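Counting with my numbering, you get residues 129 to 276 for the letters of the sequence shown. We treat Cβ as the ideally placed atom computed from N, Cα and C, and that holds for glycine. The model shown is predicted, which means the values in this text are computed figures rather than measured ones.
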Amino acid sequence: MPRSFPIVVDRELCDKVTPGNRVKVIAILSIHSREGQSGNSQSVNSSYLRVIGLQSEKNRDVNSQVCGFAMPNITQEDEERIINLSKEPTLYHKLTSSIATAIYGHEDIKKAVCCLLFGGSPKKLPDGMRLRGDINVLLLGDPSVAKS
Numbered sequence: 129m130p131r132s133f134p135i136v137v138d139r140e141l142c143d144k145v146t147p148g149n150r151v152k153v154i155a156i157l158s159i160h161s162r163e164g165q166s167g168n169s170q171s172v173n174s175s176y177l178r179v180i181g182l183q184s185e186k187n188r189d190v191n192s193q194v195c196g197f198a199m200p201n202i203t204q205e206d207e208e209r210i211i212n213l214s215k216e217p218t219l220y221h222k223l224t225s226s227i228a229t230a231i232y233g234h235e236d237i238k239k240a241v242c243c244l245l246f247g248g249s250p251k252k253l254p255d256g257m258r259l260r261g262d263i264n265v266l267l268l269g270d271p272s273v274a275k276s
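1) For the 8 Å Cβ check, are there 3 or more pairs between the segment 172 to 186 and the segment 209 to 225?
2) What would DSSP say about residue 273, mapped onto helix, strand or coil?
3) So, with DSSP's three-state summary, where would you put residue 145?
4) Across which residues does DSSP place residue 251 in a beta bridge pair?
5) What's the call for residue 265, buried or exposed, on a 16-neighbour Cβ count within 10 Å?
6) When DSSP labels each residue in this structure, what does residue 177 get in the three-state scheme?
7) So what's residue 107 in DSSP terms, helix, strand or just coil?
8) Please work out which residues of its chain come closer than 7 Å, Cβ to Cβ, to residue 146, disregarding the five sequence neighbours upstream and downstream, and give them in chain order.
9) Please confirm if the segment 146 to 159 is in contact with the segment 178 to 185, defined as three or more CB-CB distances below 8 Å between the two stretches.
10) Which residue or residues does DSSP assign as beta-bridge partners of residue 136?
11) Whose C-alpha, out of 249, 221, 247, 276, is nearest the C-alpha of residue 236?
12) Please classify residue 189: does DSSP put it in a helix, a strand, or coil?
13) On the CB-based measure, 16 or more other CB atoms within 10 Å of its CB, does residue 189 come out buried or exposed?
14) May I ask you to report which of helix, strand or coil DSSP gives residue 238?
15) So, is residue 179 buried or exposed, given that buried needs 16 or more other C-beta atoms within 10 angstroms?
Spelled out as structure tokens, the structure:
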């Protein structure tokens, strides 16, 4: 089902794509708080995406390079560090312990969130059935127990 979500693009990312282009967006989920109706002290929070990276498949220059993608360049040294990090036997523990460091305990939930962040691999079974690689997490609990 098609859905829409407001996004904000500013500064050097403006005018990089044209309407109708398919784009890949790297963004930060942000919340805008605005006052309610006049005389009402309640505020209304609305979510939007603040774009920090943008790539269009149709926006290519003469060298077939993609234009308008604001991502840091990964150097050879960075790539070597990532490969060395991936070989560490305690990497999974390091990643899960770096999630929500202010919250004590809940190791299983932190492992689930870690798996959610990195995603899974889609699989195609011999009978032709396709399994999604998406991971979903549902947190249930009492109020004020650090679910969000």
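On the basis of the data shown:
1) Because the criterion of three Cβ pairs below 8 Å is not met, the segment 172 to 186 and the segment 209 to 225 do not touch.
2) The residue you call residue 273 lines up with position 145 of the sequence shown. Assignment of residue 273 by DSSP, reduced to helix, strand and coil, places it in the coil class.
3) The sequence position of residue 145 within the sequence shown is 17, counting from 1. In the displayed model, residue 145 falls within coil according to three-state DSSP, outside both helix and strand.
4) For the purposes of this step, residue 251 is taken as the residue at position 123 of the sequence shown. Residue 251 pairs with 259.
5) Position 137 of the sequence shown, counted from the start, is the residue given in the question as residue 265. So residue 265 counts as exposed.
6) Here residue 177 corresponds to residue number 49 of the sequence shown, with the count starting at 1. Looking at residue 177 - three-state DSSP - the assignment turns out to be strand.
7) No statement about residue 107 is possible, as the shown extent of the chain runs from 129 to 276 and does not include it.
8) The residue labelled residue 146 in the question sits at position 18 within the sequence shown. Answer for residue 146: no residue qualifies.
9) For the pair of segments examined, the segment 146 to 159 was found to touch the segment 178 to 185: the number of CB pairs separated by less than 8 Å reaches three.
10) On the sequence shown, residue 136 is found 8 positions in, with the first residue counted as 1. The secondary-structure analysis by DSSP pairs residue 136 across a beta bridge with 178.
11) To locate residue 236, count along the sequence shown from 1; it is residue 108. Shortest Cα-Cα distance from residue 236 to any of 249, 221, 247, 276 involves 221.
12) Residue 189 sits at position 61 when you count from the first residue of the sequence shown. For residue 189, the pLDDT reaches just 49, beneath the cut-off of 50, and the residue's location in the model is therefore unreliable, although a value from the coordinates is still provided. When DSSP states are grouped into helix, strand and coil, residue 189 belongs to the coil group.
13) For the purposes of this step, residue 189 is taken as the residue at position 61 of the sequence shown. Unreliable placement is indicated for residue 189, whose pLDDT of 49 sits below 50; the coordinate value is still reported in the next sentence. Residue 189 is exposed by the Cβ-count criterion.
14) The residue labelled residue 238 in the question sits at position 110 within the sequence shown. Residue 238: helix per DSSP, three-state reduction.
15) As a first step, residue 179 must be located in the sequence shown, where it is residue number 51. Around the C-beta of residue 179, 16 or more other C-beta atoms lie within 10 Å, and the residue is accordingly described as buried.
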